[in-house]
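A.B. asks: So for the sequence shown, the working numbering puts the first residue at 23; every next one is plus one. Beta carbons are placed, not taken as given, at the ideal position from N, Cα and C, and that holds for glycine. Just so you know, these numbers come straight off a predicted model, no measurement behind them. One structure, pasted below without further comment.
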Amino acid sequence: TILSQRTTQQDEELAYQELRQLGDWDAIIAAPTEAVAHAIRRSNYPESKAPRIQATLRAIRDERGSYDLDFLAELPVKDALKWLTALPGVGIKTASLVLLFNYARPVFPVDTHVHRVTTRVGVIGRMGEQAAHRALLQLLPPDPPFLFELHLNLLRHGQKVCTWVRPKCPVCVLRARCDAHAIYGNNVPSFGEK
Ligand code: SF4
């Protein structure tokens with residue numbers, strides 16, 4: 023999940039495959055950080071991700087005695103989020119992705135696309151991604167399959183239609199319900215400009 027940050031799915035996968043060629047998780051912790059950074063170079067920001075991945079693995083092993091995170095499936099969601107976000111380099115988005123995608127827990131990851139689309143449409147007001155996690159979760163039903171699908175659909179919509187610059191409003195299915203379109207018509211400014 024750390025590898026996926028600001029990285030395409032294809033590059034994330036390539037970085038992961040090469041990372042795992044360094045050996046098991048113990049071997050990855052023990053490897054020189056430069057070797058880990060080199061292995062994950064297809065992911066963006068490898069120099070900052072490599073030490074974070076090693077520190078996160080080390081913290082999981084030291085606290086749990088293994089790398090198994092399946093206990094998160096049983097913890098109350100609040101406690102599971104708290105446990106994950108206490109790990110070095112794991113924020114609310116990464117923690118939410120792990121819990122929703124791996125353990126079907128009722129949380130809602132807000133990445134840059136989800137944040138942009140929900141803000142422009144007017145589901146939430148202007149706020150940072152961190153605050154948007156709380157705001158959206160309060161509005162949404164605690165239904166993991168629904169949250170999973172909504173996350174993927176908003177992500178795809180943000181990648182393909184409601185892009186950061188020059189969103190494709192004329193072909194957007196949300197046009198009639200979109201606050202930004204109501205204000206700016208087909209000339210919605212780049213996200214963050216207005
Ligand atoms: Fe984005 Fe335009 Fe669609 Fe609104 S109408 S969601 S700004 S593409």
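1. Whose C-beta lies closer than 7 Å to the C-beta of residue 181 among residues of the same chain, with five residues either side of it excluded?
2. Quick one: what's got a C-beta closer than 6 Å to residue 183's C-beta in the same chain, skipping five residues either side?
3. Confirm, please, whether the CB-CB distance from residue 109 to residue 120 is below 8 Å.
4. May I have a chain-ordered list of the alpha helix (DSSP H) segments no shorter than 4 residues that lie completely inside the region 32–92?
5. Measuring from the CB of residue 135, is there a heavy atom of the ligand SF4 at a distance below 7 Å?
6. My output table needs one value for residue 184: the three-state DSSP class, helix, strand or coil.
7. Can you give me the start and stop residues for the alpha helix (DSSP H) that residue 106 sits inside?
8. State the start and end residues of the unbroken alpha helix (DSSP H) segment that holds residue 15.
9. Identify whether residue 126 lies in helix, strand or coil by the three-state DSSP scheme.
10. Say the cut is 7 Å; is the CB of residue 203 nearer than that to a heavy atom of the ligand SF4?
C.D. replies: Quick look at the numbers:
1. Within the same chain, residue 181 has close Cβ partners 135.
2. Correct list, in chain order: 190, 194.
3. no
4. 47–52, 55–61, 68–86
5. no
6. coil
7. It spans 99–107 - the alpha helix (DSSP H) in which residue 106 sits, taken as one unbroken run.
8. Given that the chain is displayed from residue 23 to residue 216, the structure contains no residue 15 and the question cannot be resolved.
9. coil
10. yes
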